[in-house]
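Protein chains in written order, with the numbering used here: chain A, 1 to 186; chain B, 1001 to 1186. Heads up, the beta-carbon is just placed ideally off N, CA and C, and yes, glycines get one too. Right, one structure below, let's go through it.
Protein chains: 2
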Amino acid sequence: MDKRKLLIDTALKLFVENGFHGTATAKIAKEANVANGTLFQYFKTKEELIIAVFITVKSEMAGMFIKSQTEKSITDTLKTQFTNTVVWALKNRVKFQYVQQFYSSPYIHLIKQTELKKYIDPHLNLIKEGIETNKIKDLDAALIYQLFANQTFGVVQYLFSNQKKKQTEVIETTFQLLWDMIKKSK
Amino acid sequence: MDKRKLLIDTALKLFVENGFHGTATAKIAKEANVANGTLFQYFKTKEELIIAVFITVKSEMAGMFIKSQTEKSITDTLKTQFTNTVVWALKNRVKFQYVQQFYSSPYIHLIKQTELKKYIDPHLNLIKEGIETNKIKDLDAALIYQLFANQTFGVVQYLFSNQKKKQTEVIETTFQLLWDMIKKSK
DNA sequence: TAGCTTTGTGACTGATTAGTCAGTTTTTAG
DNA sequence: CTAAAAACTGACTAATCAGTCACAAAGCTA
Chain A
1 MDKRKLLIDT
11 ALKLFVENGF
21 HGTATAKIAK
31 EANVANGTLF
41 QYFKTKEELI
51 IAVFITVKSE
61 MAGMFIKSQT
71 EKSITDTLKT
81 QFTNTVVWAL
91 KNRVKFQYVQ
101 QFYSSPYIHL
111 IKQTELKKYI
121 DPHLNLIKEG
131 IETNKIKDLD
141 AALIYQLFAN
151 QTFGVVQYLF
161 SNQKKKQTEV
171 IETTFQLLWD
181 MIKKSK
Chain B
1001 MDKRKLLIDT
1011 ALKLFVENGF
1021 HGTATAKIAK
1031 EANVANGTLF
1041 QYFKTKEELI
1051 IAVFITVKSE
1061 MAGMFIKSQT
1071 EKSITDTLKT
1081 QFTNTVVWAL
1091 KNRVKFQYVQ
1101 QFYSSPYIHL
1111 IKQTELKKYI
1121 DPHLNLIKEG
1131 IETNKIKDLD
1141 AALIYQLFAN
1151 QTFGVVQYLF
1161 SNQKKKQTEV
1171 IETTFQLLWD
1181 MIKKSK
């Protein structure tokens, strides 16, 4: 039984439920059936735990992206990435919410720029490649990335609050809209 | 000197800088040059203050939207709304960030659904009108709204981190992309 | 088994915090 | 000007919380 993982999982859940403030370290330890002091053996401070949860979730997401890399065209790769992200988010709502909460909190400033780049660069490079090979409109890659990321986010939000909707269909439609928006028209 | 407004402004700034947890009520009072107890005369609890800040900012945003309502076509109105929102966000970064932080925190659950609807409905109705008059693609209005909102958000994020870029040009370009995405093609 | 290292424990503490309240100042009204 | 009401004050408190530490249990090695 990996206590570190257990603590991270428990913290994740409680932080999303009650916020960083609303979650005492003692509560996390108790919920994880671990002694108070044990938590501080794995994480020197509460802040360190908050960051560890973020890194863990982001790494899991990154792993999913690697799997989305197909040998096919850029369109196919982007579509797979889009679909996988949305499906993953729907299956991992709490993790998705945690990342959101973390990103829009002041804790984000504690993450080194290089660490953040690690997660963004693969996407950015794919988009750059698409621009260079005339598949994607000749705009700033960072801008295209933002639009792509936020379209993804928007669809996830929509499906969170409209769960009965045909998810596959929505994902298919919205990707097509997105692709038509950023693709280079002949 | 309106102490309520002063406290809300100060709280806004400190909450974005240090988070809800990281900001003691005493710090807010001190920074606002007001006695500790005075804060609790205007807001019964810290939570009430956190919510008051949210409502205040959202109302300000809503006021801006009303001004965006032109007598022109739906396209023009949507474009004005898009532009005004982005420009407002750039000028009011802290307020924009506060809303983000609040939305992705558990405090959002304390806001009544009717209150949230109040902010969304005007947009939703405009989109519905666009769909009915065959200007906008025949998709769920809530979905179009999400895509619209998130495109806006994406552009703001992009311009936050790329401030040297030609803002007007970026706004113009991205609105065109967005409009092409949601408009009904003949 | 004995001796050593690693891991876990939970009572405890110093610091901090939201919220109170008895008293003071300011404003309002006649 | 006076008296009552309203707004303001800041020292205080009860509660909470992050982090510590002396000790105990479990695991490892030979």
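query                                                                                                         : result
Sheet register partners of residue 8/A (DSSP bridge)                                                          : For residue 8/A, which the question treats as bridged, DSSP gives no partner whatsoever.
Residue 1127/B, DSSP secondary structure in three states                                                      : helix
Residue 1014/B beta carbon less than 7 Å from that of residue 1023/B                                          : yes
Coarse secondary structure for residue 44/A, derived from DSSP in three states                                : coil
CB of residue 18/A within 7 Å of CB of residue 29/A, strictly                                                 : no
Contact between the stretch 1098-1113 of chain B and the stretch 1053-1067 of chain B (3+ Cβ pairs under 8 Å) : yes
Own chain, CB closer than 7 Å to residue 119/A, minus 5 neighbours either side, in chain order                : 58 and 62
Any C-beta of chain B under 7 Å from that of residue 19/A                                                     : yes
Anticipated Cβ contact below 8 Å, residue 131/A with residue 138/A, distance rounded                          : 6 Å
Contact between the stretch 77-93 of chain A and the stretch 1081-1099 of chain B (3+ Cβ pairs under 8 Å)     : no
Reduced DSSP category for residue 1028/B - H, G, I as helix; E, B as strand; rest coil                        : helix
Residue 114/A burial status per 10 Å Cβ neighbour count (16 or more: buried)                                  : exposed
Selection from 1002/B, 1033/B, 1050/B and 1066/B that minimises the alpha carbon distance to residue 1021/B   : 1050/B
Simplified DSSP state of residue 1183/B, which is helix, strand or coil                                       : strand
Cα-Cα separation between residue 169/A and residue 1106/B, rounded to whole angstroms                         : 30 Å
C-alpha gap between residue 155/A and residue 1148/B, whole angstroms                                         : 11 Å
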